[in-house]
Amino acid sequence: MDTIQSREQQGRVADAPSRHWVYRALPRGMWPYAQLARWDRPIGWWLLLWPCWWSTALAAAAGTGPGASLATAMPSPWDMALFLIGAVAMRGAGCTYNDLVDQDIDGKVERTRSRPLPAGKVSRKKALAFIAIQALVGLVVLLQFNAFTIGLGFASLAVVAIYPFMKRFTDWPQLVLGFAFSWGALMGWAAAFGRLDPPALMLYAGSVLWVIGYDTIYAHQDKEDDALVGVRSTARLFGESTKSWLLAFYGGALVCFALAFASAGAPLPALAGLFAAAVHMGRQILALDIDKPEQCLTLFRSNGTVGWLIFLGLVGGTAWTVLKPMV
């Protein structure tokens with residue numbers, strides 16, 4: 166699918182892969198809904214999912230040492246499956262809501278004018294109905310957890326509700342996005358223990374800093390159009406100093422992650438994943454050219470690899486610690 170969507174013709178949105186399964190497997194009538202939910206751009210739900218899975222893995226690893234059971238030291242497959250379904254559903258609902266709020270702005274920005282609402286491929290009424298369906302899926306998932314986690318999940322909706330408006334009032338909408346996209350760092354721990362403890366809070370703080378970093382890279386794609394329509398962002402705020410800010414945000418994130426691991430009593434080998442993530446983040450900073458939108462998108466997407474490195478470091482390091490006495 167190489168045709169970019171417009172009011173005159175149906176096609177893919179500008180920043181979606183041309184050969185994505187959405188355009189090969191779904192009937193054309195479903196395309197606008199898949200685009201609203203960003204099924205054709207899965208990196209978003211992966212980035213929402215990673216703090217959930219990190220927190221679940223950290224909770225399982227907490228205090229694990231030689232002689233522990235491997236089954237209890239590994240993250241709960243049930244919780245991980247629930248977080249996966251919830252991340253896809255709630256990221257889709259959040260993006261649909263964001264598109265409703267930003268419809269007028271999206272129509273003025275080159276990268277976003279091909280989205281289904283400004284392109285006239287779906288009505289606002291149908292988009293609202295689609296939000297309700299996705300939110301219902303998210304609710305069913307949330308109700309599988311303990312009461313504390315359910316309440317914590319509902320609390321996240323306040324942050325989600327205000328995020329789309331922040332770009333109109335502050336240069337720091339990425340900070341609010343960080344609060345929303347990092348909520349899973351609290352949820353995984355709460356699902357395991359029914360409370361919040363310092364490791365979860367440090368993991369959350371680190372994730373917020375990570376989100377600010379990668380979404381600043383993402384925002385550089387649109388900075389020229391954003392300036393014309395009055396949209397504010399950390400990309401516009403930092404400008405040529407972006408790399409220095411990224412060093413601070415990514416560095417701060419890694420310190421917070423290390424403190425979370427230490428305060429949870431996670432096995433020392435789990436730090437290998439953090440080291441690998443640090444190398445990857447450093448490569449992003451060195452490679453970044455803020456005036457190349459396609460490269461900004463590629464580097465933004467590469468943060469999915471950061472998520473894998475940290476998660477596999479936790480799981481692999483914990484498994485190695487448990488199994489080492491048996492080797």
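Each residue of the sequence shown is one higher than the one before, starting from 166 at the first, in our numbering. The beta carbon of each residue, even a glycine, is placed where N, CA and C say it ideally should be. All of these numbers come straight from a predicted model, not from anything done at the bench.
Residue i classed as buried or exposed, judged by whether at least 16 other C-beta atoms fall within 10 angstroms
| i | result |
| --- | --- |
| P242 | exposed |
| F334 | exposed |
| T314 | buried |
| T407 | buried |
| Q174 | exposed |
Beta carbon of residue i nearer than 8 angstroms to that of residue j
| i | j | result |
| --- | --- | --- |
| D336 | R276 | no |
| C217 | G349 | yes |
| L393 | A435 | no |
| G257 | Q299 | yes |
| V187 | W204 | yes |
| L453 | L464 | yes |
| V376 | F346 | yes |
| S428 | M352 | no |
| L342 | D380 | yes |
| V274 | D180 | no |
| Q309 | L235 | no |
| G378 | F414 | yes |
Reference residue i, options the options, closest by Cα
| i | options | result |
| --- | --- | --- |
| W215 | V306, T470, G228 and K290 | T470 |
| P364 | W219, A181 and V178 | W219 |
| Y328 | L265, A442 and Q460 | L265 |
| A222 | P458, F358, V420 and P338 | F358 |
Rounded separation between residue i and residue j - CA only
| i | j | result |
| --- | --- | --- |
| D387 | A254 | 26 angstroms |
| A233 | A226 | 10 angstroms |
| Q268 | V487 | 52 angstroms |
| R360 | F319 | 15 angstroms |
| A484 | P432 | 9 angstroms |
| G228 | P281 | 48 angstroms |
| A425 | S171 | 46 angstroms |
| A252 | Q460 | 26 angstroms |
| V492 | P207 | Confidence is the limiting factor: at V492 the pLDDT is only 46, short of 50, which leaves the residue's position unreliable and the question unanswerable from this model. |
Residues bridged to residue i [DSSP beta-bridge criterion]
| i | result |
| --- | --- |
| R280 | Partner(s): none; R280 has no beta bridge. |
| R177 | I169 |
Residue i CB to nearest heavy atom of the ligand HEM below 7 angstroms
| i | result |
| --- | --- |
| K290 | No copy of the ligand HEM occurs in the structure displayed, which carries no ligand at all. |
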